[in-house]
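K.L.:
Okay, here's the structure, questions in a sec.
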Amino acid sequence: MTRARLRFPAGDPLEVELDDVAAYGPEITGFRAWLGAVSASDQGRWVIRFADETVLGFQRSELKRIRLTPTGADITLGDPPRTLTVGEAEVVSFGPEPAGARAWLGRLAHGKGEAWIRLRDGREIRFAVGDGPHVSFRDPAEPPTS
């Protein structure tokens, strides 16, 4: 099972098994949050449309890195890697919205206020968001082959 580790500026980190997540909130929207969700997703295909009518389409397997900048993002794609500078003001639409708990966790750094995760056993975790938490994922190790 994949585990998410949430690290906060102060206090102990939290770890959550993604398969144990039943619900989460609130919804966190916007281009930067969408980029966080895309980066956190382990699969998918996405499109960014620009004001000059150009379209950038890519798959998760092509995405190497997203680095946020004050005015947008530097998106590194492909093999060999090439970096595209995307100005947020030039983006007219983006999508589709990545789904699931993993993608939502990728949006957290761009939220404000309080977030919550409800687990299948009924427990609920509440925590503040805004400039974090930093989320990392630990995927299960591949079993050794004989």
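Okay, so the sequence shown: first residue is 14 according to the numbering used here, each after it adds one. Ideal Cβ positions, reconstructed from N, Cα and C, are used throughout, including at glycine.
Could you round the C-beta distance between Phe44 and Glu101 to whole angstroms and report it? I think they count as a contact, below 8 Å.
P.N.:
That belief holds up - the Cβ atoms of Phe44 and Glu101 are roughly 5 Å apart, short of 8 Å.
K.L.:
I'd like the span of the beta strand (DSSP E) that includes Arg115, first residue to last.
P.N.:
No beta strand (DSSP E) holds Arg115; the alpha helix (DSSP H) holding it covers 114–120.
K.L.:
Ends of the alpha helix (DSSP H) at Ala46?
P.N.:
Counting along the chain, the alpha helix (DSSP H) containing Ala46 begins and ends at 44–53.
K.L.:
Please confirm whether Ala141 and Gly38 have their CB atoms less than 9 Å apart.
P.N.:
No, these two residues do not count as a Cβ contact at 9 Å.
K.L.:
Which word fits Glu50, buried or exposed, when buried means at least 16 other C-beta atoms lie within 10 angstroms of its C-beta?
P.N.:
Inspection of the sequence shows that residue 50 is occupied by Ala rather than by Glu. Buried is the call here.
K.L.:
Just to confirm before moving on: does the CB-CB distance between Arg18 and Ser149 stay below 9 Å?
P.N.:
Against a cut-off of 9 Å, the Cβ pair of Ser149 and Arg18 comes out as a contact.
K.L.:
Rounding to the nearest angstrom, what Cα-Cα distance links Gly24 and Asp55 in this structure?
P.N.:
Near 28 Å, if we compare the C-alpha coordinates of Asp55 and Gly24.
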